Amino acid sequence: MFTGIVEELGVVAAVDARPESAALTIACQTVLADATHGVSIAVNGV
């Protein structure tokens, strides 16, 4: 169960459809400003 805090609402900027999956590019402004390698960022509601 997710127990974190929602920090930002992003927007799907691009969808790369593949035969059995898809890659999404999500545009956001502030959540990545202080992100470093290894942090966990959850995406929900897609």
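Per this note's numbering, residue 1231 is the first one in the sequence shown, and the count goes up by one each step.
Think of the CB as a built atom: it goes at the ideal place given N, C-alpha and C, for glycine as much as any other residue.
It should be emphasised that the depicted structure is a prediction, and the values quoted were computed from it without experimental measurement.
- In this model, aspartate 1246 and leucine 1254 are separated by some 6 Å (Cα to Cα).
- Here leucine 1239 carries a coil assignment [DSSP, helix/strand/coil].
- Counted as a single uninterrupted DSSP element, the stretch harbouring threonine 1260 is not any beta strand (DSSP E), since DSSP gives it neither H nor E.
- The C-beta distance from glycine 1240 to alanine 1257 rounds to 6 Å, short enough to fall under 8 Å.
- Shown here, alanine 1272 sits in coil according to DSSP, grouped into three states, outside any helix or strand.
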